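Data block below; observations after.
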Amino acid sequence: MTEAYLLEWLHLLGRWTHLITGIAWIGASFYFIWLDNHLQLPTENNGRKGLDGELWAVHSGGFYHMQKYGTALEALPATLHWFKWEAYATFITGLFLLILLYWYQAELYLIDPSINAISKPAAITLGVATLAGGWLLYDRLCKSRIGRSDRRIGICLLLLLPILTWSLCQVFSGRGAYIHFGALLGTIMVGNVFFVIMPAQSEMVAARQQSRMPDGKFAIHAKQRSVHNTYFTLPVLITMLSNHYSMLYANRWNWLILCTLTLIGVLTRVHFVQSHKGRSSPVPALGACVLLIGLFFAMTPTLHSTQSSQPKQMTEDFAKSSSIPLADIFSIVDLHCNQCHHSQPTHPAFQSAPQGIRFDTAQDVYTYAQLIYQQTVVSRAMPLGNSSGMTENERNSIASWFESFPSDSTIDRKTDQPR
């Protein structure tokens with residue numbers, strides 16, 4: 083059994099479990115927010131003391147009657163269900179994946195020498211510090227005078243957002259920065275559950291058992307953190323998806339893109355929460371749409387010359403040169419890509435070619451020409467961390483080759499050229 087084979091199975095099981103627990107946590111969270119916002123005042127003749135609200139629903143072949151009691155509940159039921167392990171399991175599996183993928187293989191996914199040539203121990207230390215320090219700062223802000231006002235704490239978090247995203251993108255690779263931003267939000271969310279929301283619920287249960295009124299400050303703090311968790315959810319989800327889209331994290335403005343996506347997620351959640359309460363305003367949804375459309379056009383790829391950090395004359399020289407043989411492009415791909423994207427990868431981190439994409443032959447290179455161009459020229463996301471040292475000349479060669487033939491051409495077997 084090779085290390086690469088074991089890692090692939092750990093990745094698979096880790097991602098699968100993280101997805102399952104995450105769906106359970108987010109699903110329960112969204113459901114209770116929806117339920118709270120749809121509860122109706124109880125009728126006068128219901129005869130149940132302390133009933134704050136109720137709701138009738140039909141689902142899966144039956145009728146459901148949900149009731150909510152506040153602190154005036156007469157007696158605790160024999161069985162009381164707690165919703166906490168969904169959050170804890172999501173955090174544990176997420177941390178497992180972060181360690182396995184981004185810390186254990188930091189040289190591949192976390193470190194980009196062209197951004198910051200830090201050592202593996204330093205990168206891991208900064209990753210840990212981001213999660214721990216971010217939670218401590220957030221928690222301190224919520225407990226300070228700033229946190230007494232939802233408006234003030236909201237403005238403060240919005241001001242910290244671009245500082246955080248910019249800083250992460252100056253230290254880590256693009257995909258590493260995105261995933262650590264999402265991991266920080268996830269850490270804050272589970273920290274809110276473990277350190278604030280669960281203690282508040284424990285206090286409420288203990289007060290009922292001791293026939294006393296619970297301390298009101300616990301409920302106030304728990305409500306605030308619960309609201310924060312609601313608005314963090316969609317930004318966390320987009321960071322989980324981001325490593326599949328190099329156009330996001332490999333962009334020179336990746337930190338600003340991450341800020342914008344976060345705001346889109348928050349505004350989208352605001353829209354849904356307001357809709358549940360029956361007082362929906364078009365402003366949040368419209369704002370999210372405007373930001374999304376603006377982001378789409380702002381990120382529209384330009385000619386590869388605008389992506390190059392080399393003098394313009396170099397790109398023009400390549401464009402004016404004669405058609406570059408496919409054999410030359412295959413040599414570049416073989417040197418920089420085939421450690422991973424081959425039927426028998428030589429890179430120790432991969433048992434098989436990522437996403438099943440292989441460049442064993444010149445025909446394979448031609449088949450995936452657009453993908454190669456996108457990843458090496460437009461987004462510049464590959465090679466990973468540029469560990470193989472692909473040069474600007476080589477990137478420009480790929481660009482000139484790809485842009486020199488029509489998209490509907492095929493390979494001439496005699497000349498290895500498109501026709």
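Each residue of the sequence shown is one higher than the one before, starting from 83 at the first, in my numbering. Glycine is no exception: its CB is placed at the ideal position from the N, C-alpha and C atoms. Only a predicted model underlies this, so the values are computations on that prediction, with no experimental measurement involved.
Where residue i falls: helix, strand or coil (DSSP)
i: D399; result: The pLDDT assigned to D399 is 46, lower than 50, so where the model puts this residue is not dependable; a value taken from the coordinates is nonetheless given after this. Looking at D399 - three-state DSSP - the assignment turns out to be helix.
i: K359; result: coil
i: H141; result: strand
i: S391; result: Bear in mind that the predicted position of S391 carries a pLDDT of just 39, short of 50, making it too unreliable to give a figure here.
i: L250; result: helix
i: D533; result: Since the displayed the chain opens at 83 and closes at 501, residue 533 lies outside it and no answer follows.
i: Y450; result: coil
i: Q149; result: strand
i: Q122; result: strand
i: F432; result: coil
i: G369; result: helix
i: Q421; result: coil
i: G471; result: coil
i: R502; result: Past the edges of the chain, shown from 83 to 501, lies residue 502, and the structure says nothing about it.
i: R477; result: helix
i: T382; result: coil
i: Q437; result: helix
Outcome for residue i when other beta-carbon atoms lying within 10 angstroms are tallied against a minimum of 16
i: S194; result: Sequence check: residue 194 is Asp here, not Ser. Classification of D194: buried, given that the 10 Å Cβ count is 16 or more.
i: T321; result: buried
i: E485; result: exposed
i: T175; result: buried
i: E85; result: exposed
i: D446; result: buried
i: Y87; result: exposed
i: V253; result: buried
i: G143; result: exposed
i: H353; result: buried
i: S482; result: buried
i: H93; result: exposed
i: P383; result: exposed
i: R233; result: exposed
i: G298; result: exposed
i: P436; result: exposed
i: S308; result: buried
i: H141; result: exposed
i: S111; result: buried
Same chain only: Cβ atoms within 8 Å of residue i, ignoring 5 sequence neighbours per side
i: C341; result: L243, P244, T247
i: D134; result: L121, P124, K150, Y151, G152
i: L267; result: F314, P317, V318, T321
i: L287; result: In the sequence on display, residue 287 carries Val and not Leu. The residues are L158, L162.
i: Q291; result: L158
i: D29; result: Residue 29 is absent from the model: the chain starts at 83 and stops at 501.
i: E189; result: K202, G467, S469
Inter-residue CB distance, residue i and residue j (contact presumed, cutoff 8 Å)
i: S479; j: I411; result: 7 Å
i: M329; j: M381; result: 6 Å
i: C251; j: N336; result: 5 Å
i: F441; j: H424; result: 7 Å
i: I261; j: Y184; result: 6 Å
i: A204; j: L192; result: About 10 Å; that fails the 8 Å criterion.
i: F432; j: C422; result: 5 Å
i: A259; j: L213; result: Actually they are not in contact, since the Cβ atoms of A259 and L213 sit about 13 Å apart, beyond 8 Å.
i: H303; j: L179; result: Going by Cβ atoms, the distance from H303 to L179 rounds to 30 Å, so no, they are not a contact pair.
Close beta carbons around residue i, own chain, < 6 Å, minus the five adjacent residues each side
i: M280; result: K166
i: V348; result: Y313
i: A332; result: G256, S461, R462, A463
i: N311; result: M271, N274
i: K359; result: N119
i: Y220; result: I270
Own chain, CB closer than 7 Å to residue i, minus 5 neighbours either side, in chain order
i: T344; result: L243, P317
i: A106; result: E168
i: S231; result: none
i: Q187; result: A431
i: E285; result: P296, D297, F300
i: S363; result: Q356
Check: Can you give, in chain order, each stretch of the alpha helix (DSSP H) that sits fully within the segment 154–212 and has at least 4 residues?
Finding: 167–179, 188–191
Notebook entry, point to check: In chain order, which continuous runs of the alpha helix (DSSP H) of length 4 or greater are located wholly inside the segment 287–363?
Noted result: 298–324, 328–331, 336–358
Item checked: 4-residue-minimum alpha helix (DSSP H) runs that sit fully inside the segment 219–244, ordered along the chain -> none
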